[in-house]
Amino acid sequence: GQQVMQIPQYQHVQEGEDFTTYCNSSTTLSNIQWYKQRPGGHPVFLIQLVKSGEVKKQKRLTFQFGEAKKNSSLHITATQTTDVGTYFCAGHDSGTYKYIFGTGTRLKVLA
Amino acid sequence: NAGVTQTPKFRVLKTGQSMTLLCAQDMNHEYMYWYRQDPGMGLRLIHYSVGEGTTAKGEVPDGYNVSRLKKQNFLLGLESAAPSQTSVYFCASSLIQGVNTEAFFGQGTRLTVV
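Residue numbers (the working numbering), protein chains in the order written: chain A, 3 to 113; chain B, 28 to 141.
Right under this line is the structure:
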């Protein structure tokens with residue numbers, strides 16, 4: 003079945019450093035979504051990418067969808083303590099309507 | 028507008044007991060999902076539904092049953108709980124209209140089976 007892997011599993015950074023998480027799918031995706039889960043909370047939608055090679059920005063966050071639509075990345079510039087949490091990518095299967103989530107990257111930001 | 032509401036929020040079960048987790052959404056969404064979240068394993072899809080009266084298996088359906096008798100409710104049942112089902116359970120719903128495929132999650136149910 004379809005698998006979505008994320009690396010790294012954990013990342014500790016000093017406040018102000020940059021952070022990147024990578025998402026790789028075993029199959030081509032219709033689109034990719036990114037979610038953030040704060041400690042003790044539930045996943046919250048951040049953004050969706052649809053087109054091959056698409057790049058979107060949200061303030062300090064930059065999201066990229068690979069040319070082959072099988073990988074994606076999330077880059078945070080100058081991390082802040084409010085960025086703490088687990089970041090998930092999710093591939094959406096337009097045929098079955100399922101969301102297959104990646105394993106997540108847990109980010110800790112040290113002040 | 029409450030969004031997605033899960034009940035209960037916490038529960039402790041003994042091995043072999045049964046229980047039902049309730050998910051309710053007030054956004055008129057067609058699609059609803061049950062996930063379990065375990066450390067290091069992300070969110071794994073248990074069952075999902077593409078509309079009232081329909082259900083389908085996800086990645087890890089064994090030991091669980093679901094029902095979608097009303098569009099706004101999606102129930103997850105454990106007939107005979109096992110310690111391996113100790114987890115945090117999340118319900119989600121989505122509209123999936125055109126390119127809009129955002130999923131909305133409930134607050135989660137923390138289940139411990141002893």
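C-beta: ideal position from N, C-alpha, C; glycine also.
Heavy atom of the ligand FAD within 8 Å of A/W36 beta-carbon: In the structure on display, the ligand FAD does not appear, and there are no ligands present to speak of.
B/S45 - DSSP class collapsed to helix/strand/coil: coil
For B/Q33, the three-state DSSP class (helix, strand or coil): strand
Beta-carbon separation (whole angstroms), B/T128 vs B/S120, contact threshold 8 Å: The beta-carbon distance between B/T128 and B/S120, rounded to whole angstroms, is 12 Å. This is too long to meet the 8 Å contact definition.
C-beta atoms of A/T79 and A/L63 nearer than 9 Å: yes
A/Y101, enclosing beta strand (DSSP E) - first and last residue: Y101 to F103
Neighbour-count burial assignment, A/N33, 16 or more Cβ in a 10 Å radius: buried
Min CB distance B/G67 to chain A below 9 Å: yes
Exposure of A/K71, with buried meaning 16 or more beta-carbon neighbours within 10 Å: buried
Secondary structure of A/T107, DSSP reduced to three states: strand
B/H56 versus B/V39 - alpha carbon distance: 30 Å
Beta-carbon separation (whole angstroms), A/F47 vs A/L109, contact threshold 8 Å: Their Cβ separation, rounded to whole angstroms, is 17 Å, which puts A/F47 and A/L109 out of contact at 8 Å.
A/K38, enclosing beta strand (DSSP E) - first and last residue: Per DSSP, A/K38 belongs to the beta strand (DSSP E) from N33 to Q39.
Option nearest A/T23 by Cα separation, candidates A/I102, A/F90 and A/G97: A/F90
Own chain residues within Cβ distance below 7 Å of A/M7, not counting five before or after: N26, G104 and T105
Where A/T83 sits in the DSSP three-state scheme: helix
Contact under 9 Å by Cβ, B/G104 with B/V115: no
Environment of A/D85 [buried if 16+ CB atoms lie within 10 Å]: buried
Per-residue contacts from B/A130 into chain A (C-beta, under 9 Å): Against chain A, the beta carbon of B/A130 has neighbours under 9 Å at Q35, Y37, P45, F47, A92, H94 and Y101, listed in chain order.
Amino acids of chain A, ordered along the chain, whose beta-carbon sits closer than 9 Å to that of B/T77: Checking the sequence shown, residue 77 of chain B turns out to be Val, not Thr. By Cβ distance, chain A contributes T98 and Y99.
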